[in-house]
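A quick write-up on the structure given underneath.
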Amino acid sequence: MIDITADLVRALVAEQFPGWAELPVTPVARQGWDNRTFRLGDRLAARLPSGGAYVAGVGKEDRCLPLLAAHLPLPVPAPVATGRPGAGYPFPWSVRRWLPGDTVEGAVGVDRPALARDLGGFLAALRAAPVRHGPTAGAHSHRRGCHPEVLNGEVEEALRRLDGEVDAAACRAVWADAVDSAWQGAPVWFHGDVAPGNLLVRGGRLSAVIDFGTCGVGDPACDLVMAWTHFDGPERQVFREAAGLSGDAWRRARGWALWKALATMAGLSSPDPEGFQRRVLPRVLDDPVAT
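Written out as structure tokens, the structure is:
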């Protein structure tokens, strides 16, 4: 990972967008893994990929966000400018309109049932957006939107590494159920990284959805994992009803949640020093959601 600082952002802005050179640069309080985000004055945000694996998201968001915005019930980031490598930073980067709000993971007073309902409705609207010019799921989406069978090898490797730590038989049963179905409709839009850090709230309600760097067109099941990573009990059912997808989709979604938990615990994915995914795994095994 590249060390991305406010000083680096100031240097890039001064070099490439001198009209904004006097704007203050402030890192956002909670940073994601794929990108580092900085406020640029009051109305803009600079977003820099943290490594080469995430560079494809810059141009993709430039193309796709304007196409999607008109079809969605909530604001999404609006591209303003695209920066080029410079000041020792090797990748393209982006400037977006700043969207006010707190991330779900950092907000207080969130109406959780309303969040489940509003998020499900947003994802239903996203699936209904025209897919023309949408990129087919693949490497650029880190395999989100593909059939979960593309993760077979990682699931087995994770179970090998976690031998004795997890209920391997239960995990394999969930995984077999996930890969035993497929998206039967035409490919649709998916976000690819629906997580609390990419959802903004104001006044306790969902107000915007950000970070479309992993988006694409394919199977939308990957967008449902918050049923296990965030929602509990009745909230999961509210989310399911609002999202409007079949039980087959939920079985694949459960597989996506299982893969992420196992891969993270086994050291095959991003670090998890607080053990969040270890706490997610029992929820995945205990609640199929699609009843």
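So for the sequence shown, this note's numbering puts the first residue at 20; every next one is plus one. For each residue, glycine too, the CB sits at the ideal point set by N, CA and C.
About 16 Å separates the Cβ atoms of A188 and R273, ruling out a contact at the 8 Å cut-off. Rounded to the nearest whole angstrom, the C-alpha separation of L59 and A65 is 6 Å. Nearest in C-alpha terms to R116, of all of C241, D230, A148, is D230. Here G286 is exposed, its C-beta having fewer than 16 other C-beta atoms within 10 Å. In this structure, the beta-carbon distance from P98 to L84 falls below 8 Å. Cβ contact annotation for N217 (same chain, cutoff 7 Å, sequence separation greater than five): V228, I229, D230, in chain order. With the rule of 3 Cβ pairs closer than 8 Å, the region 173-190 counts as touching the region 285-300. The beta-bridge partner set that DSSP reports for F110 is empty. Beta-bridge pairing by DSSP links W208 to V236. Residue burial is scored here from C-beta neighbours: S113 has at least 16 other C-beta atoms within 10 angstroms and is therefore classed as buried.
The secondary-structure analysis by DSSP pairs F57 across a beta bridge with P46, A65. For E184, the CB contacts under 8 Å within the same chain, skipping 5 residues up- and downstream, are M284 in chain order. Annotation for T122: R49, P215, G216, L218, L219 place their beta carbon closer than 7 Å to its own, counting only its chain and skipping 5 residues before and after. In the three-state reduction of the DSSP assignment, T283 falls in the helix class, which pools H, G and I. Scanning its chain for C-beta atoms nearer than 8 Å, with the 5 sequence neighbours on each side dropped, one finds around P149 the residues L86, H90, in chain order. Minimum Cα-Cα distance from D267 among the listed residues D238, M245, A75 corresponds to D238. In the DSSP assignment, A188 falls within the unbroken alpha helix (DSSP H) covering 187-198. Note that the region 135-142 touches the region 248-266; at least 3 beta-carbon pairs, one per stretch, sit closer than 8 Å. In the DSSP assignment, V220 is bridged to D121, L225. Taking C-beta separations shorter than 7 Å and ignoring five residues to either side along the sequence, the partners of P132 in its chain run E254, V257, following chain order. Around V236, the same chain offers V150, G153, P154, T155, A156, G164, P206, V207, W208, F209 as residues with beta carbons nearer than 8 Å, after the five sequence neighbours per side are excluded.
Between V169 and L277, the gap from beta carbon to beta carbon reaches 8 Å or more.
DSSP, read as helix, strand or coil, puts G183 in coil. Going by DSSP, A156 is part of no alpha helix (DSSP H) at all; its letter is neither H nor E. In this structure, C234 lies away from G263, with their beta-carbon atoms at least 8 Å apart. DSSP places T101 inside the beta strand (DSSP E), whose first and last residues are 98-102.
When C-alpha distances from V127 are compared across L31, A240, R221, T24, the shortest belongs to R221. Comparing C-alpha distances from V28 to each of P109, D130, G204 shows the shortest one belongs to P109.
Annotation: the continuous alpha helix (DSSP H) that includes F295 extends over 295-305. Looking at E41, A75, R297, P292, the one whose alpha-carbon comes closest to that of H161 is A75.
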